[in-house]
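Data first, discussion second: the structure below is written as structure tokens.
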Amino acid sequence: MSARLQARNLSCERDGRMLFRDLDLAIGPGELVRVEGPNGSGKTTLLKILSGQFDDYQGELRWGDAPLSRVREAFLANLVYLGHTTGIKVALTALENLAWYQALAGETGSEAARLNSLHAVGLSGFEDLPVAQLSAGQQRRVALARLELTPRPLWVLDEPFTAIDKPGVAALEQRLHEHVAVGGSVLLTTHHDLASQGGVKRVQLGEGSEHAIL
Amino acid sequence: MPSSDKGASSAVEMVEPRGGLGVAMAAIFKRDLILAARRRSDILNPLAFFALVITLFPLGISPQQALLATIAPGLLWVAALLATLLSLDALFRADFDDGSLEQLLLAPQPLSALVLGKVAVHWLMTGLPLALMAPLLGLLLALPGESYLVLSLSLALGSVSLSLIGAIGAALTVGLSRGGVLLSLLVLPLNIPVLIFGTGAVQAAIIGNPVGPHLAILGALCCGALMLAPFAIAASLRISING
Amino acid sequence: MWAFIHKVGSPKWFYTISARLLPWCWTLAVTLILVGSIWGLAFAPADYQQGDSFRIIYVHVPAAFLAQSIFVSMAVAALIFMVWKIKVADMAAAVMAPLGAVMTFVALFTGSVWGMPTWGTWWIWDARLTSMLILLFLYLGVIALRGAFTSRDSGARAASVLAMVGVINIPVIKYSVDWWYTLHQPASFSITSRPSMPVEMWWPLLLMVLGFYAFFIAMTLMRTRSEVLRREAGKHWVRELAAGGA
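Listed below in structure tokens is the structure:
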């Protein structure tokens, strides 16, 4: 089974408005796909559908060789999704937050992995502070530490650059390309201009239900 | 953000689902307990509300012990029901706001089982304290002596169902900005059977009838809720997260 | 099989077929209710205990029947919507809820009016009336929940879950209320659980019950049709329809 997510004839209508129609999209190992479009064009909805959160769509989703609905747990075990909200409890410390995420995947996880991933996002020294005491950008980094915490092939990121400073943005962008280079896949939306457009597949959602794959 | 050299150099492998439902449920249970311990007022508020409502009744009706004693089982149960309701709105609210609810839905585990962890903490932090506190308030209402143990037992058992059924309502309304009043409209009618058999048990104890049957029915309601509610809660959360 | 289900579930197909059924349903409803009420009010014999006041059962009983049946139909429609994603089923569930609430209210109101000559009071905590009151709250919850969502689709799904939860709970609620009632008022006269009824009273009641059901079906079809038009207003076939009709 390969880590390949495929959408065929995907259409989504919400409250009588067609967001997109007959969208065909595949994300395989080594691919970075960027979903573009104006506000309200359905980027977040598309990401939610493709991450298995939202099943009010027409069409077919496949993970590897099987329909996604049938291998849901295997799919989710290979996915990291970061949405608009961080998913981080501010009353807990960064380490406690990460331990919870390790446990959600069904593993007890090691302290070393947690410390390493916090180090990777530049949060060494903040491990044992309640997240509430960190800045918005640092809170966001705690969420990003999940990318390092459990190595998973498919990253679905909704506006990952929000609230992060310039050096952080550059480092994250580089990290995304590294992930792709070693056979991972990334699906993201962002208003931020990526420095290197090389090897990026783009999906443009329009105001109407039209779309283009570039 | 400096990238870790180690993570980037090794190729990404497919991950097989590990199972580990027990680990995940224990983690949710533990996390919610820690959060509750760090915000103690959330535990105390329903208890204070319970005591306050019970204080209002003698003031609103009459201080006569005989009259209070006859209505005490009902009053205690209704007040406990309302106190539980008060705490329900917060059950998923914080998780919804900070996005950890969304992540819970994305865990490679059955959601209906995971939410049981959260409901268990809710019961431990609301239903159980209410049940333990009720005898004290029973004293204020001149509740006859034989029924104190049954009052606590029936509340402890009944509040499991209240938490489970209430969690469905909380899950349905968590995405709404003003879900509180609506939550009571959804949940209270569904809680009526629990109320009937809960007060029934206490009344039976007072008049010296066997309380076994009432407690057995409360237990049956609890089992039914345990079997069915998790699926309804999970389905409702999936709807609310996309509201 | 799948193709067939989705064809039946398509709004356009429903709109066409229901147009053919609707006149029949209305004719049936009006005839049954007319015959039933004239028979029941004018020709059926008066009750030996209650005199003419018993005749309110010709509205009360059918309304109470419908109040419960509509909730079950609503839950079935909700199930069909959730499992097969058939939108017409949700439109039907959406129009059934207010109709059911009205029927529940009618049953409560007539029960209360009937209570005055029978018990000398407007309200009594009779088991049936109490269950009916709780049913009214369940309906109000479903209606309010649907309305509370800004997204119509999410509201529809939330209301569907609640309708299904409610329908599982209704028997439990009914049983516990009955139990509660027998415990507190063991030997009192209940208006609706009468041992026997003369055949001359029974026939018009049957007609009225059937008439109410026909009325419910006609009303649901009619209101679902306008809901179809409202929700599909932007669709090609509705625009064609509007252009052709104008």
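Quick note, the sequences are listed as chains X, E and Y, same order.
Taking my numbering, I'd label the letters of the first sequence as residues 850 to 1063.
Taking my numbering, I'd label the letters of the second sequence as residues 7 to 249.
Taking my numbering, I'd label the letters of the third sequence as residues 550 to 795.
Idealized CB from N, CA, C, for every residue including glycine.
Owing to the predicted nature of the structure, the values given are computational and were not obtained by experimental measurement.
Inset, instruction - Could you have a look at residue 930 of chain X and say whether DSSP puts it in helix, strand or coil? - result: Correct three-state label for residue 930 of chain X: strand.
Legend entry - Proximity test, Cβ basis, 9 Å: residue 61 of chain E and chain Y: By this cut-off, residue 61 of chain E is not an interface position.
Legend entry - Minimum Cβ-Cβ distance from residue 1040 of chain X to chain E less than 9 Å: The beta carbon of residue 1040 of chain X sits no closer than 9 Å to any beta carbon of chain E.
Inset, instruction - Kindly indicate which residue of X:1030, X:1037, X:1053 and X:1022 has the alpha-carbon position closest to the one of residue 1044 of chain X. - result: Relative to the Cα of residue 1044 of chain X, the nearest Cα in the group X:1030, X:1037, X:1053 and X:1022 belongs to X:1022.
Legend entry - Any C-beta of chain E under 9 Å from that of residue 654 of chain Y: Taking CB atoms only, residue 654 of chain Y has no neighbour in chain E less than 9 Å away.
Inset, instruction - Quick one: give me the first and last residue of the alpha helix (DSSP H) that residue 209 of chain E is part of. - result: That run of the alpha helix (DSSP H) goes 186-213.
Inset, instruction - Counting only runs of 4+ residues fully inside the stretch 610-676 of chain Y, write out the alpha helix (DSSP H) ranges in chain order. - result: Within the stretch 610-676 of chain Y, the runs of alpha helix (DSSP H) that reach at least 4 residues and sit entirely inside it are, in chain order, 636-668.
Legend entry - Separation of residue 718 of chain Y from residue 237 of chain E, as counted between CA atoms: Going from the Cα of residue 237 of chain E to the Cα of residue 718 of chain Y covers about 15 Å.
Legend entry - Three-state secondary structure (DSSP) of residue 48 of chain E: It is helical.
Legend entry - is_contact[residue 938 of chain X, chain E] using C-beta, thresh 9 Å: It does: the Cβ of residue 938 of chain X has a partner Cβ on chain E nearer than 9 Å.
Inset, instruction - Flag residue 781 of chain Y as yes if its beta-carbon sits less than 9 Å from any beta-carbon of chain X, otherwise no. - result: For residue 781 of chain Y, the answer is yes, since a Cβ of chain X falls inside 9 Å of its Cβ.
Legend entry - Delimiting residues of the beta strand (DSSP E) encompassing residue 1078 of chain X: Any property of residue 1078 of chain X remains undetermined from this structure, which presents chain X solely from 850 to 1063.
Legend entry - For residue 197 of chain E and residue 204 of chain E, the rounded distance between their alpha carbons: Near 11 Å, if we compare the C-alpha coordinates of residue 197 of chain E and residue 204 of chain E.
Legend entry - Contacts that residue 68 of chain E makes with chain Y (C-beta to C-beta distance below 9 Å): Residues of chain Y whose Cβ lies closer than 9 Å to the Cβ of residue 68 of chain E do not exist, since the nearest Cβ in that chain is about 21 Å away.
Inset, instruction - Can you tell me which of Y:752, Y:787, Y:778 and Y:792 puts its alpha carbon nearest to the alpha carbon of residue 586 of chain Y? - result: Here the closest residue by C-alpha is Y:752.
Legend entry - Rounded straight-line distance, which links the Cα of residue 658 of chain Y to that of residue 735 of chain Y: Here the model assigns residue 735 of chain Y a pLDDT of 48, short of 50, so the residue's position is not dependable and the matter cannot be decided.
Inset, instruction - Count the other CB atoms, across all protein chains shown, that sit within 10 Å of the CB of residue 903 of chain X; report buried if there are 16 or more and exposed otherwise. - result: So residue 903 of chain X counts as buried.
Inset, instruction - Give every residue of the same chain whose Cβ lies closer than 6 Å to the Cβ of residue 79 of chain E, excluding the five residues on either side of it in the sequence, and list them in chain order. - result: Answer for residue 79 of chain E: 205, 208 and 209, listed in chain order.
Inset, instruction - Output yes or no for whether 9 Å exceeds the beta carbon distance between residue 956 of chain X and residue 29 of chain E. - result: Against a cut-off of 9 Å, the Cβ pair of residue 29 of chain E and residue 956 of chain X comes out as a contact.
Inset, instruction - Please state whether DSSP places residue 739 of chain Y in a helix, a strand or coil. - result: Its pLDDT being 47, under 50, residue 739 of chain Y is placed unreliably by the model, and the measurement read from it follows with that caveat. Three-state DSSP puts residue 739 of chain Y in coil, outside helix and strand.
Inset, instruction - Could you tell me the boundaries of the beta strand (DSSP E) in which residue 939 of chain X lies? - result: From DSSP, residue 939 of chain X is part of no beta strand (DSSP E); its letter is neither H nor E.
Legend entry - Own chain, CB closer than 7 Å to residue 640 of chain Y, minus 5 neighbours either side, in chain order: Within the same chain, residue 640 of chain Y has close Cβ partners 773, 776, 777 and 780.
Legend entry - For residue 121 of chain E and residue 27 of chain E, the rounded distance between their alpha carbons: Between residue 27 of chain E and residue 121 of chain E, the C-alpha separation is close to 12 Å.
Legend entry - Beta-carbon gap between residue 88 of chain E and residue 125 of chain E smaller than 9 Å: With contacts defined by Cβ atoms closer than 9 Å, residue 88 of chain E and residue 125 of chain E do not form a contacting pair.
Legend entry - Neighbour list for residue 701 of chain Y in chain X, Cβ cutoff strictly below 7 Å: Listed along chain X, the residues sitting closer than 7 Å to residue 701 of chain Y by beta-carbon distance are 864.
Legend entry - residue 681 of chain Y versus residue 605 of chain Y - alpha carbon distance: Whole-angstrom Cα-Cα distance: 17 Å.
Inset, instruction - Tell me where the beta strand (DSSP E) around residue 869 of chain X begins and ends. - result: From DSSP, the beta strand (DSSP E) with residue 869 of chain X extends over 866-876.
Inset, instruction - Kindly say whether residue 871 of chain X, judged by its beta-carbon, lies nearer than 9 Å to any beta-carbon of chain B. - result: Looking for chain B here will not work: the only protein chains present are X, E and Y.
Inset, instruction - Report yes or no: is there a C-beta of chain X within less than 9 Å of the C-beta of residue 706 of chain Y? - result: Yes, contact with chain X.
Inset, instruction - Using a Cβ cut-off of 9 Å (strictly closer), state whether residue 665 of chain Y contacts chain E. - result: With 9 Å as the cut-off, residue 665 of chain Y does not count as an interface residue toward chain E.
Legend entry - Assigned secondary structure, residue 18 of chain E (DSSP; H/G/I helix, E/B strand, else coil): Of the three classes helix, strand and coil, the one that applies to residue 18 of chain E here is coil, per DSSP.
Inset, instruction - Using a Cβ cut-off of 9 Å (strictly closer), state whether residue 645 of chain Y contacts chain E. - result: By this cut-off, residue 645 of chain Y is not an interface position.
Legend entry - Proximal residues of chain E, C-beta to C-beta of residue 927 of chain X below 8 Å: Ordered by position in chain E, the residues that pass the 8 Å Cβ test against residue 927 of chain X are 20 and 21.
Legend entry - residue 983 of chain X versus residue 989 of chain X: straight-line alpha-carbon distance, rounded: If I take the Cα positions, the gap works out to 10 Å.
Inset, instruction - Using the DSSP secondary-structure output, state which residues sit across from residue 1034 of chain X in a beta bridge. - result: DSSP lists X:1003 as partners of residue 1034 of chain X.
Legend entry - Alpha-carbon spacing of residue 867 of chain X relative to residue 104 of chain E, whole angstroms: Going by C-alpha positions, residue 867 of chain X is about 29 Å away from residue 104 of chain E.
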